[in-house]
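Colleague:
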Amino acid sequence: MGDSTPEARRPLSPHLQIYQPMLTMMMSIAHRISGVSLAIGFVLLAWWLIAVSSGPEVFATVNSFFASVIGRFALLMFTWALIHHMLGGIRHLIWDTGRGLDKTSIEIFAWGTIIGSTALTLLVWIIGYWLRSAA
Amino acid sequence: MATPLAKARGLGAAHRGTETFWRQRMTAVANIPLVIFLILSIVTHIGADYGTVRAYLARPFVALAMLALVISASIHMRIGLKEVIEDWVHGKGAKVVALLLATFFAIGVGLACVFALVKISLGS
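Structure (structure tokens):
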């Protein structure tokens, strides 16, 4: 579109492929990827809620998917994406106040999001399974 | 008496430049406790039978929290998808189509969840 116009040949600002990958940049992309992935998770949630509202037969079908290895993996990734996006979002809310924008803090936030989201996801699943077996 | 500059400052051509930014933060803050609630609801009901799950979702507090979550999350998702599309989809036509689809998707998924939750709570 408009390739023949002079505007199309104006220099562009440096894009992703110009830079050597850095952790903070990867975390910015990860925040977007986790956000977009959550759209798929939202569909799974809607599917599950509709199944519950539709009755035992439909629920049995949907539940057998979530009980399968693929279903459980999907739920694990969904919870991980939720926690990852939440911690990344809290980091953004802190930045919105003008705090934590120095080089040391952004590195700490980046590692905190990676380690925190993984640890919390595992913790939540261990507690979940423990509660299920205790009930 | 306000000068023309003071009247215009911070408003921009659309007179409401930071509305989307603010809405994304409002829903982000709301989503924090609601998502924690969702995660706990999911992991404590894996493999649970139909009656247990339905009775759980029909509890007024659970239903209200779920409704709040799906409404807040669909608004948040719509803005998020919009930002990603605006940054990464470059064709003029493709961008408009993608923005439309993202909006329809967010409203559709949100409405489906709301409908299911109301149906679960009110029976039948």
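Going down the list, the protein sequences come from chains A and B. Counting from 1, one number per residue, gives the positions in the first sequence under the numbering used here. Counting from 1001, one number per residue, gives the positions in the second sequence under the numbering used here. No residue lacks a Cβ here, since even glycine has one placed at the ideal position from N, Cα and C. From a predicted model like this one, the values you see are computed outputs, not experimental measurements.
Measuring only between beta-carbons, confirm whether B/Val1097 sits less than 8 Å from chain A.
Modeller: Not one chain A Cβ lies under 8 Å of B/Val1097.
Colleague: Going by C-alpha to C-alpha distance, which of B/Thr1020, B/Leu1038, B/Glu1019, B/Met1026 sits closest to A/Leu93?
Modeller: B/Met1026
Colleague: In angstroms with no decimal places, state the Cα-to-Cα distance between B/Gln1024 and B/Arg1078.
Modeller: 9 Å
Colleague: Could you give the distance in angstroms between the alpha-carbon of B/Ala1106 and the alpha-carbon of A/Pro11?
Modeller: C-alpha separation (whole angstroms): 36 Å.
Colleague: Does the Cβ of A/Phe42 have 16 or more other Cβ atoms within 10 Å, making it buried, or fewer, making it exposed?
Modeller: By the 10 Å Cβ count, A/Phe42 comes out buried.
Colleague: Please confirm whether B/Ala1030 and B/Ser1072 have their CB atoms less than 8 Å apart.
Modeller: It is a contact, given that the beta carbons lie within the stated cut-off.
Colleague: Flag this pair as yes or no: are the beta carbons of A/Arg132 and A/Phe109 separated by less than 8 Å?
Modeller: no
Colleague: Measure the CB-CB distance between A/Ser53 and B/Ile1120 and report whether it falls below 8 Å.
Modeller: Going by C-beta atoms, A/Ser53 is nearer than 8 Å to B/Ile1120.
Colleague: Report the CB separation of B/Ala1028 from A/Gly89 in whole angstroms; it is logged as a contact under 8 Å.
Modeller: 5 Å
Colleague: Tell me where the alpha helix (DSSP H) around A/Ala134 begins and ends.
Modeller: 103 to 134
Colleague: Could you tell me whether the region 121 to 131 of chain A touches the region 79 to 89 of chain A, using the rule of 3 or more Cβ pairs below 8 Å?
Modeller: yes
Colleague: If you measure from the beta carbon of A/Ile70 to each beta carbon in chain B, is any gap under 8 Å?
Modeller: No, because no Cβ of chain B sits closer than 8 Å to the Cβ of A/Ile70.
Colleague: Name the residues in the region 78 to 90 of chain A whose C-beta lies less than 9 Å from a C-beta of chain B; which are they?
Modeller: Phe78, Thr79, Leu82, Ile83, His85, Met86, Gly89, Ile90
Colleague: Below 8 Å, can you find three or more Cβ-Cβ pairs linking the region 1034 to 1051 of chain B to the region 1083 to 1090 of chain B?
Modeller: no
Colleague: Return the CA-CA distance between B/Ala1102 and B/Gly1080, expressed in angstroms with no decimal places.
Modeller: 10 Å
Colleague: List the residues of chain B whose Cβ lies closer than 7 Å to the Cβ of A/Arg32, in chain order.
Modeller: When 7 Å is used as the limit between beta carbons, A/Arg32 is near these residues of chain B: Val1084, in chain order.
Colleague: Check the Cβ of A/Arg132 against every Cβ in chain B and list those closer than 9 Å, keeping chain order.
Modeller: Val1043, Thr1044, His1045, Ile1046, Gly1047, Ala1048
Colleague: Check whether the region 48 to 62 of chain A and the region 1108 to 1123 of chain B are in contact - that is, three or more C-beta pairs closer than 8 Å.
Modeller: yes
Colleague: What three-state label does DSSP hand A/Gln20 in the structure shown?
Modeller: coil
Colleague: Going by beta carbon distance, what residues of the same chain come within less than 7 Å of B/His1076, once the five residues before and after it are set aside?
Modeller: Gln1024, Thr1027, Ala1028, Asn1031
Colleague: Closer than 8 Å, Cβ to any Cβ of chain A: which residues of the region 1069 to 1083 of chain B, in chain order?
Modeller: Val1070, Ala1073, Ser1074, Met1077, Gly1080, Leu1081
Colleague: Can you give the Cα-Cα distance for A/Leu44 and B/Thr1018, rounded to whole angstroms?
Modeller: 32 Å
Colleague: Hey, how far is the Cα of A/Leu87 from the Cα of B/Leu1040?
Modeller: 16 Å
Colleague: Whose CA, out of A/Gln20, A/His31, A/Trp95, lies closest to the CA of B/Glu1083?
Modeller: With distances taken between CA atoms, B/Glu1083 lies nearest to A/His31 out of A/Gln20, A/His31, A/Trp95.
Colleague: Any beta carbon of chain A sitting closer than 8 Å to that of B/Arg1054?
Modeller: Yes, B/Arg1054 counts as interfacial toward chain A.
Colleague: By the 10 Å Cβ neighbour count, where 16 or more other Cβ atoms means buried, how is A/Ser34 classified, buried or exposed?
Modeller: buried
Colleague: Would you decide whether A/His15 is buried or exposed? Buried here means 16 or more other CB atoms lie within 10 Å of its CB.
Modeller: exposed
Colleague: Locate the alpha helix (DSSP H) running through A/Leu75, then write down its first and last residues.
Modeller: 69 to 96
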